[in-house]
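Input: a single structure, listed below in structure tokens.
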Amino acid sequence: MPAVDLYSPKPNMLERRFADHLAQRGAEGGALCHNAQKRVQKISQITRWIIGLSALAGIVSGGLIGGAEIWMRQGVFDGMDDIGWREALPYWTAFYGFAGVISAIEITALYALALHGIARVAQHSGLPFGRGDERGLITHSLARAGLEFPNPQVHIYGIDPYAHVWNWKLTALNIAYKLKVGVSSFILRVFLRRVAARMAVRGLVPVIAGPLYAIWNAYIIWRIMLEARVRTLAPFVVDNVIAAHFEDAGQLDATEKDVILHAAGEMMTAGRDAHPNQIYLLTQLRKVLDDNRDISLDWGSMRRHLPSLDPAGQTRVLDLLTVSCVIGGRIHRAQLGLLDRVCDDCGMVLHEDRIRHLRKALQSGDDISRADLSATRSTKAAGPAKA
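Structural data, given as structure tokens:
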């Protein structure tokens, strides 16, 4: 089954249409042929522009709502705060109805900005967008990032990425993820109206609403664009590390191939997420190793072969696990624990701070070389004691 069908087996209409739009924009951008530095510069420029527009939307929204409240208090109620609730009810009902409409328009504008920004990122990314195996995977992963859809709860090549996650937690995270933008904006507005209004800044609430809405909008769009950036840049890192380590893939024995595939699968389950970047890594590994079997994950058995691998084989496994650790949605503590144990089995010491630095390098669009991957660990004899 193609990777895209594993990752998103039942895409809804919004996802399908936006994925088709991304494929079209990606094809249009194929003639741009940006080099790596130019690509990162364009993506950064687009991100800053979209974040700026989202902040502007917050200023406009907060200004309209705050201005309406000032007009209500100073115009309709003539500055009086002791109006009975029965007399004030019709006016405040109209005000909150107006605020609700403005907020709904603002949230719609945020989604529109995020989708437009990701479409422009796709156009300048240089990625092979389309409907094929890894092409469709990349396309749908960006579509879901822009639409704020969580990664589906699916099995990947026989592996359950959520094997270590309680069902109730998955359900709660799913609901929270889908309602993140709207609910978070609503909570901010409730805070301003119900909490700040009781403080000494009560009279300033309408004035500071715009800047606060702007900051919150910028944060929301920054998070969306950051995830889109990671999903855009990670495939290049994956392709580079595979090209560096598998020139002679046909010479690897069956045991080492199994260790590699099971290690990549174990790292995905340690992340508690079917992240498309890690699925892309597994897809490319299966292709280069010419192994299309499903994986009955048994890392405990595979791990015992690590000390017997030659130095090149151990480096290959460690580099692949390091890449898999940093290309997901976030670095989970279980992933660091897994990588630490594998380093120990190979006679190495893991430097967790360098793993986090590598994650920041990926987000910034910096090149990640084999030397950068090797710098995240050192031999036990020469390495400093772990903190």
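Residue numbering for the sequence shown follows the working numbering, beginning at 1 and increasing consecutively.
Glycine included, every Cβ here is placed at the ideal spot set by N, Cα and C.
**Request:** Verify whether the separation of the beta carbon atoms of residue 258 and residue 307 is less than 8 Å.
**Result:** In this structure, residue 307 does not lie closer than 8 Å to residue 258 by Cβ.
**Item:** Same chain, Cβ closer than 7 Å to residue 200, five either side skipped, listed in chain order
**Value:** Confidence at residue 200 is low in this model, with a pLDDT of 46, below 50, so its placement is unreliable and no value can be given for it.
**Request:** Count the C-beta pairs between the stretch 236 to 250 and the stretch 346 to 360 that are closer than 8 Å, then say yes if the count reaches three, no if not.
**Result:** With a cut-off of 8 Å, the stretch 346 to 360 and the stretch 236 to 250 do not count as touching, because too few Cβ pairs lie within range.
**Request:** Please name the residue in 234, 229 and 284 whose C-alpha comes closest to that of residue 3.
**Result:** Nearest C-alpha to residue 3: 284.
**Prompt:** Just curious, the alpha helix (DSSP H) that residue 391 is in, first and last residue?
**Reply:** The structure shown has nothing for residue 391, since the chain only spans 1 to 387.
**Asked** When burial is assigned at 16 or more other CB atoms within 10 Å of the CB, is residue 100 buried or exposed?
**Response** Flag for residue 100 reads exposed.
**Prompt:** Do the CB positions of residue 343 and residue 318 come within less than 8 Å of each other?
**Reply:** Their beta carbons are under 8 Å apart, which means residue 343 touches residue 318 by this criterion.
**Prompt:** How many angstroms separate the CA atom of residue 429 from the CA atom of residue 129?
**Reply:** The structure shown does not extend to residue 429, since the chain spans only 1 to 387, so no value can be given for it.
**Prompt:** What are the start and end residues of the alpha helix (DSSP H) that includes residue 378?
**Reply:** Counting along the chain, residue 378 falls outside any alpha helix (DSSP H), though it belongs to the beta strand (DSSP E) covering 377 to 379.
**Request:** Can you grab the Cα-Cα spacing for the pair residue 167 / residue 335, in whole Å?
**Result:** Answer to the nearest angstrom: the Cα atoms are 20 Å apart.
**Asked** If you draw a straight line from the alpha carbon of residue 105 to that of residue 141, how long is it in whole angstroms?
**Response** Rounded to whole angstroms, residue 105 to residue 141 spans 26 Å at the Cα level.
**Message:** According to DSSP, simplified to helix, strand and coil, what is residue 159?
**Reply:** In the three-state scheme derived from DSSP, where H, G and I count as helix and E and B as strand, residue 159 is classed as strand.
**Message:** Cutting at 7 Å between CB atoms, please list the residues of its own chain near residue 401, excluding the five before and the five after it.
**Reply:** With the chain running from 1 to 387 in the structure shown, residue 401 is simply not present.
**Cutoff 6 Å; reference residue 211; Cβ partners in own chain excluding five residues on either side** = For residue 211, where only same-chain residues beyond five positions count, there are no Cβ hits under 6 Å.
**Prompt:** Based on Cα-Cα distance, which residue from 262, 22, 150 and 216 lies nearest to residue 395?
**Reply:** Only positions 1 to 387 of the chain appear in this structure, which leaves residue 395 out of reach.
**C-alpha distance - residue 226 paired with residue 115, whole-angstrom precision** = Approximately 13 Å between the Cα atoms of the pair.
**Request:** Decide if residue 217 is buried, meaning its Cβ has at least 16 other Cβ atoms within 10 Å, or exposed.
**Result:** By the 10 Å Cβ count, residue 217 comes out buried.
**Request:** Return yes when the Cβ of residue 368 is within less than 8 Å of the Cβ of residue 237, no when it is not.
**Result:** For the pair residue 237 and residue 368, the CB atoms are nearer than the 8 Å cut-off.
**Asked** What number of angstroms, rounded off, separates the C-alpha of residue 213 from the C-alpha of residue 107?
**Response** Cα to Cα, residue 213 sits roughly 11 Å from residue 107.
**Assumed close pair residue 162, residue 282 - CB separation to whole angstroms, cut-off 8 Å** = Rounded, the Cβ-Cβ distance is 15 Å, inconsistent with contact.
**Asked** So what does residue 348 bridge to, in DSSP terms?
**Response** Beta-bridge analysis with DSSP links residue 348 to 379.
**residue 328 beta carbon less than 8 Å from that of residue 228** = With contacts defined as CB atoms closer than 8 Å, residue 228 and residue 328 fail to qualify as a contacting pair.
**Asked** Looking at the structure shown, is residue 307 part of a helix, part of a strand, or coil, going by DSSP?
**Response** Of the three classes helix, strand and coil, the one that applies to residue 307 here is helix, per DSSP.
**Prompt:** Relative to the C-alpha of residue 113, which residue among 58, 362 and 339 is closest?
**Reply:** The shortest C-alpha to C-alpha distance from residue 113 to any of 58, 362 and 339 is the one to 58.
**Message:** Cutting at 8 Å between CB atoms, please list the residues of its own chain near residue 321, excluding the five before and the five after it.
**Reply:** Contacts found: 263, 264, 267, 338, 339 and 342.
**Message:** Taking the alpha carbon of residue 241 as the reference point, which residue from 331, 315 and 94 has its own alpha carbon closest?
**Reply:** If you compare the alpha carbons of 331, 315 and 94 with that of residue 241, the shortest gap goes to 315.
**Message:** Can you look up residue 71 in the DSSP assignment and give me helix, strand or coil?
**Reply:** When DSSP states are grouped into helix, strand and coil, residue 71 belongs to the helix group.
**Prompt:** Taking C-alpha atoms, which residue in 70, 230, 223 and 109 lies nearest to residue 358?
**Reply:** Comparing Cα positions, the closest option is 230.
**Message:** Counting C-beta neighbours from all protein chains within 10 Å, is the total for residue 94 16 or more, i.e. buried, or is it exposed?
**Reply:** Exposed: under 16 other Cβ atoms inside 10 Å.
**Asked** How would you write the range of the alpha helix (DSSP H) that residue 153 sits in, first residue to last?
**Response** No alpha helix (DSSP H) contains residue 153, which DSSP labels as neither H nor E.
**Message:** Taking only three categories from DSSP, how would you classify residue 247?
**Reply:** Three-state DSSP puts residue 247 in coil, outside helix and strand.
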